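Data block below; observations after.
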Amino acid sequence: MALIETHGLTAFYGDFQALFGVDMHVDEGETVAVIGANGAGKSTLLRSISGLIRNAPEQILYEGKKIGALPAPDVVCQGIAMVPEGRRLFPSLSVEENLLIGRYGRSGGGLWGLDAIYDLFPVLKERRNSPGTALSGGQQQMVAVGRALMSNPRVLLCDEVSLGLAPVIIKDIYAAFPKIRATGASIVIIEQDIGQALKVADRVYCMMEGRVTLTGTPASLSRDDIHAAYFGVH
Ligand code: ATP
Numbered sequence: 000m001a002l003i004e005t006h007g008l009t010a011f012y013g014d015f016q017a018l019f020g021v022d023m024h025v026d027e028g029e030t031v032a033v034i035g036a037n038g039a040g041k042s043t044l045l046r047s048i049s050g051l052i053r054n055a056p057e058q059i060l061y062e063g064k065k066i067g068a069l070p071a072p073d074v075v076c077q078g079i080a081m082v083p084e085g086r087r088l089f090p091s092l093s094v095e096e097n098l099l100i101g102r103y104g105r106s107g108g109g110l111w112g113l114d115a116i117y118d119l120f121p122v123l124k125e126r127r128n129s130p131g132t133a134l135s136g137g138q139q140q141m142v143a144v145g146r147a148l149m150s151n152p153r154v155l156l157c158d159e160v161s162l163g164l165a166p167v168i169i170k171d172i173y174a175a176f177p178k179i180r181a182t183g184a185s186i187v188i189i190e191q192d193i194g195q196a197l198k199v200a201d202r203v204y205c206m207m208e209g210r211v212t213l214t215g216t217p218a219s220l221s222r223d224d225i226h227a228a229y230f231g232v233h
């Protein structure tokens, strides 16, 4: 069953239209990658689902119910958490305080608490009292993922977690996804690295200029198709 569906999703920044009728869905327990060049609309899609952009009240469904008018904090309470582009930690707060902020919106118990996050990313336990600003980019990204998990989401939306990070660090962060997935959560990742996206995802959406240009399982998509859908050329 689809947990999240968008039907003809449009999005605007003032007069500028960034999405033109995006149809996508995320099933329970599924990992979905959204790929596409800079400016394709990937972040706008996640921001629309998570409530950071609000101009499509009818076009976004969660478990069959319209959530497109809910404010962002209410979307978290429904079970959809976002790891935003740029990590956005609170610089003056420690690692642990940043993680604890993620408990907002948590419903009841659940799997994810500080201990589970520290098991997932052991380096964060060592740095638990360090301020956000004292961390490397990769460690900050781990905090951003951990903070989102602290709300015990059913859907984790990740905007370009590998941006600007060294390959060895990207590997550490990506190693967390199968473990998160094993808890039953659905994951949506935005990724510019096509190889990385194809490795981790059950299904892929490719976007260009505000539209979905290709979708399918990694095994069903040829390099040529992806290239055409990504760049608009053969
Ligand atoms: P990137 O990898 O650069 O984040 P993206 O695929 O995530 O690319 P979006 O960030 O969703 O793309 O941007 C889609 C379009 O919307 C782009 O043309 C971008 O310039 C525009 N856009 C994004 N944010 C804003 C904003 N706050 N105000 C105006 N236009 C915006």
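Those letters in the sequence shown? Residues 0 to 233, by numbering that gives the first Met the number 0. Every residue, glycine too, gets a C-beta built ideally from N, C-alpha and C. Fair warning: this is a prediction, and the values are worked out from it, not measured in the lab.
- For Met149, no alpha helix (DSSP H) encloses it, and the DSSP letter there is neither H nor E.
- Approximately 7 Å separates the beta-carbon atoms of Val160 and Val144; this is inside 8 Å, confirming the contact.
- Membership of Gln77 in the alpha helix (DSSP H) is indicated by the continuous run 71 to 77.
- Collapsing the DSSP output to three states places Ser49 in a helix.
- Of the heavy atoms belonging to ligand 1, none sits nearer than 8 Å to the Cβ of Met81.
- Set against 8 Å, the gap from the CB of Gly28 to the closest heavy atom of ligand 1 is not smaller.
- Taking Ile169 as the centre and dropping the five residues before and after it, the same chain places the C-beta of Ser161 closer than 6 Å to its C-beta, in chain order.
- Here Gln16 carries a strand assignment [DSSP, helix/strand/coil].
- For Leu2 against Ser185, the beta-carbon gap comes to about 6 Å, under 8 Å, which counts as contact.
- As the crow flies, the alpha-carbon of Arg46 is around 29 Å from that of Ser221.
- Not one heavy atom of ligand 1 sits closer than 8 Å to the Cβ of Phe230.
- DSSP places Leu92 in the coil class of the three-state scheme, outside both helix and strand.
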